[in-house]
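Residue numbers (the numbering used here): 7 to 280. Below: one structure, written as structure tokens.
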Amino acid sequence: MADDSASVPAATRRARILERLADRGFATVAELAADAGVSAVTIRADLDALADSAAVQRVHGGAVLRSGLGAREQSLEVTLESAADAKRAIGRAAADLVESGQSVLLDVGSTTLQVARALVAREDLVDVTVITNGLTLALELERAMPRFTVVVTGGTLRALQHSLVDPLAGVVLDRLHPDIAFIGGNGVDVDRGVTNVNLPEAEVKRRMVAASARTVVVADGTKLGRTHLGSVAPLDLIDTLLTDADADPREVERLRDSGLRVVRAGGASAARRS
Numbered sequence: 007m008a009d010d011s012a013s014v015p016a017a018t019r020r021a022r023i024l025e026r027l028a029d030r031g032f033a034t035v036a037e038l039a040a041d042a043g044v045s046a047v048t049i050r051a052d053l054d055a056l057a058d059s060a061a062v063q064r065v066h067g068g069a070v071l072r073s074g075l076g077a078r079e080q081s082l083e084v085t086l087e088s089a090a091d092a093k094r095a096i097g098r099a100a101a102d103l104v105e106s107g108q109s110v111l112l113d114v115g116s117t118t119l120q121v122a123r124a125l126v127a128r129e130d131l132v133d134v135t136v137i138t139n140g141l142t143l144a145l146e147l148e149r150a151m152p153r154f155t156v157v158v159t160g161g162t163l164r165a166l167q168h169s170l171v172d173p174l175a176g177v178v179l180d181r182l183h184p185d186i187a188f189i190g191g192n193g194v195d196v197d198r199g200v201t202n203v204n205l206p207e208a209e210v211k212r213r214m215v216a217a218s219a220r221t222v223v224v225a226d227g228t229k230l231g232r233t234h235l236g237s238v239a240p241l242d243l244i245d246t247l248l249t250d251a252d253a254d255p256r257e258v259e260r261l262r263d264s265g266l267r268v269v270r271a272g273g274a275s276a277a278r279r280s
């Protein structure tokens, strides 16, 4: 078999391997190679890398997902229903940070979708350029045109989040330097920083952090203290964390003690800043 590994980034292949293992529990090297259109040698290298990161366990002839990593990534539509009030409060707090004339980078996700909706609702904002890799977010932002200029990164479509990822998504991001980026994530932890459940989106998030003058992470309290497979950024690259008023105070204090500025949106505790 001709090896087409150069045409598909390793992060994308490995994310697909994890999805296959989450679906079936076990997959052989031959099955994974056929799925990806690459050689068994390439798949074995991918499995070795995933095993080194404790994502999978190598077994004879293939691999299984490690215990504790079997939680499936949920669709955008499902995650919108989770902690909905908290996400709306975070979205409004995020939108309050934006001024007319600024450029804004919006990551994909259910919380950043609420940021997009809150930005559209701010009719005082004009001459704002918003760049996003989320198709759902772009359609929400369209309602604010021509006050807003909406730029979509391009890239390869992921169905679960309606997101655009590498290859190609990073080509646009590498040419930009927006004023502020709003980044989501499935985990925010003192030691591991910001992490994400899937590797292709984690890579795009990393590029967003690197491109932006200022990075604000938007994450409801259920994400605090959690760690997932894909590393996005250490906390020292994050300017502010916007979370909700009901976030665990112990986790909030741990993050603040690390030097991170944490703002709790909604409720009386939102007035507290650090």
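Glycine included, every Cβ here is placed at the ideal spot set by N, Cα and C. Since the model is a prediction, treat every value here as computed from it, not as a measurement.
Each of Pro-206, Leu-141, Val-200 was checked against the Cα of Ser-237, and the nearest Cα belongs to Val-200.
Within the same chain, Arg-72 come within 7 Å of Ala-60 by CB-CB distance, once the 5 residues on both sides are set aside.
Between the region 179-192 and the region 64-71, the count of C-beta pairs closer than 8 Å stays below three; the two stretches do not touch.
Setting aside the 5 residues that flank it on each side, His-234 is surrounded in the same chain by Asn-192, Gly-193, Thr-201, Asn-202, Val-203, each with a C-beta closer than 7 Å to its C-beta; the list follows chain order. Of the candidates Ala-187, Arg-220, Leu-141, Leu-230, Leu-230 places its Cα closest to the Cα of Asp-197.
Counting along the chain, Asp-250 sits inside the beta strand (DSSP E) bounded by residues 246-250.
With a cutoff of 8 Å on beta-carbon distance, Arg-123 and Glu-87 are scored as not near each other. Rounded to whole angstroms, the separation of the alpha carbons of Ala-92 and Ala-101 is 14 Å.
Distance between Leu-103 and Val-70, taken at the CA atoms: about 44 Å.
Closest in C-alpha terms to Ala-253, from the list Thr-228, Asp-58, Asp-41, Thr-85, comes Thr-228. Ranked by Cα distance from Val-222, the first of Ala-216, Ile-244, Leu-205 is Ile-244.
Shown here, Ser-109 sits in a strand according to DSSP, grouped into three states. For the set Leu-82, Asp-58, Ala-99, Leu-182, the Cα lying nearest the Cα of Ala-127 is the one of Ala-99. If only uninterrupted alpha helix (DSSP H) runs of at least 4 residues are considered, those enclosed by the region 18-85 are 35-42, 46-58, 82-85. With contacts defined as CB atoms closer than 8 Å, Ser-81 and Leu-166 qualify as a contacting pair. Within 10 angstroms of the beta-carbon of Pro-184 lie 16 or more other beta-carbons, which makes it buried.
Between Val-210 and Asn-139, the beta carbon gap of about 6 Å places them in contact (Cβ cut-off 8 Å).
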